[in-house]
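Residue 33 in this note's numbering sits at position 33 of the sequence shown, with consecutive numbering throughout.
Input: a single structure, listed below in structure tokens.
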Amino acid sequence: MKESLRCIIVDDEEGAHLVITHYIQKLKTLKLEGQFFNALDAMDFIYKNAVDLVFLDINMPGLSGMEMLEAMTNPPLVVLTTAYAEFALQSYKYQVVDYLVKPIEFPRFVAAVDNVLSRRPVSKSMSDGDASKQPEHIVLKVDGNRVRISFDDILYTQSWGNYVKVFTPDTVHLSLTTTAELEQKLDKERFIRIHKSYIVALKHITKIVGGELYLINGAVLPVGNTFRRELIERFK
């Protein structure tokens, strides 16, 4: 039997916490690990603990739910919870699993959880035996051709209109894709998003000074404020 999904609630409304907590307690497939009333506290918890699923409000003071997702390199599965249905289309940009409009009815909540379970990643114990089969490269369409680029060769990537530039020591590949799509294909252990337009390889970072990051090839890149905390945490 699979273990329960470790989940947290991120919402600035007490009433929403009460409702979602009540629903979670009814389902054996979920285990509530924490409740947070702002995005920064939730992000700090996620960096330090294993979390499978986040029930995330969109409109919160300080950092919104959307800004929280944009700031995270490798967020858990997410079900958005909000009183405003007009955000539904925007949410798909962040590959959110489901979208619940308040007031949330229990049958709809159960359907969202079922959707999450169908997307559940393979557990570590199941994947250990296939560790050697993990990809070591990415394949991108460049000038109408498919180009294989080793993860070890990638220094950083940069958004460029409807394209993304992938920088290696020898060349720059221009591919018709988005930074969000590329981020999903890169190895989360090796790469980190530092800005809405940039992803860098952790091993190629030499130093971080203020709001700038320096790479071994001499490139100096901006660090977005919402990405800085995770970057500092992982640059050790």
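Note that the Cβ used here is the ideal one computed from N, Cα and C, for glycine as well.
Here the structure is a predicted model, which means the values were calculated and not measured.
Taking the C-beta atoms as reference points, L63 is found no nearer than 8 Å to T29.
Note on geometry: alpha-carbon atoms of T171 and I208 lie some 24 Å from one another. A distance below 7 Å between beta-carbons, with the five flanking residues on each side excluded, links I194 to the following residues of its chain, in chain order: V200, L213, L221, V223, G224, F227, L231. Residue pairing from DSSP places D98 in a beta bridge opposite V79. Taking 8 Å as the cut-off, the Cβ atoms of S175 and L140 count as close. Going by C-alpha positions, D11 is about 35 Å away from K203. Residue nearest to Y156 within the set I192, E181, A180 is I192 (criterion: CA-CA distance). For H22, the uninterrupted alpha helix (DSSP H) run begins and ends at 14–26, by DSSP. For E136, the secondary structure class from DSSP, reduced to helix, strand or coil, is coil. For R146, DSSP records a beta bridge to K141.
Between V166 and T178, the C-beta spacing is not below 8 Å. Its Cα nearest to that of P169, the residue N217 stands out among Q158, N217, R229, D52. The three-state secondary structure of I232, taken from DSSP, is helix. DSSP, reduced to helix, strand and coil, places A50 outside both helices and strands of the structure shown, so it counts as coil. Bridge pairing for V209: E212 [DSSP]. Looking at the DSSP output, L5 shares a beta bridge with L30.
Sequence-distant partners of V51 (beyond 5 residues in either direction) whose C-beta falls short of 6 Å from its own C-beta, in its chain, are R6, I8, P76. Cβ-Cβ distances below 8 Å link V142 to H173, L174, S175 in the same chain, with the five nearest sequence neighbours on each side left out; the list follows chain order. Here Y23 is buried: its Cβ has 16 or more other Cβ atoms, across all protein chains shown, within 10 Å. Secondary-structure assignment with DSSP links S175 through a beta bridge to V164. For L117, there is no enclosing beta strand (DSSP E); the residue is found in the alpha helix (DSSP H) stretching over 106–118.
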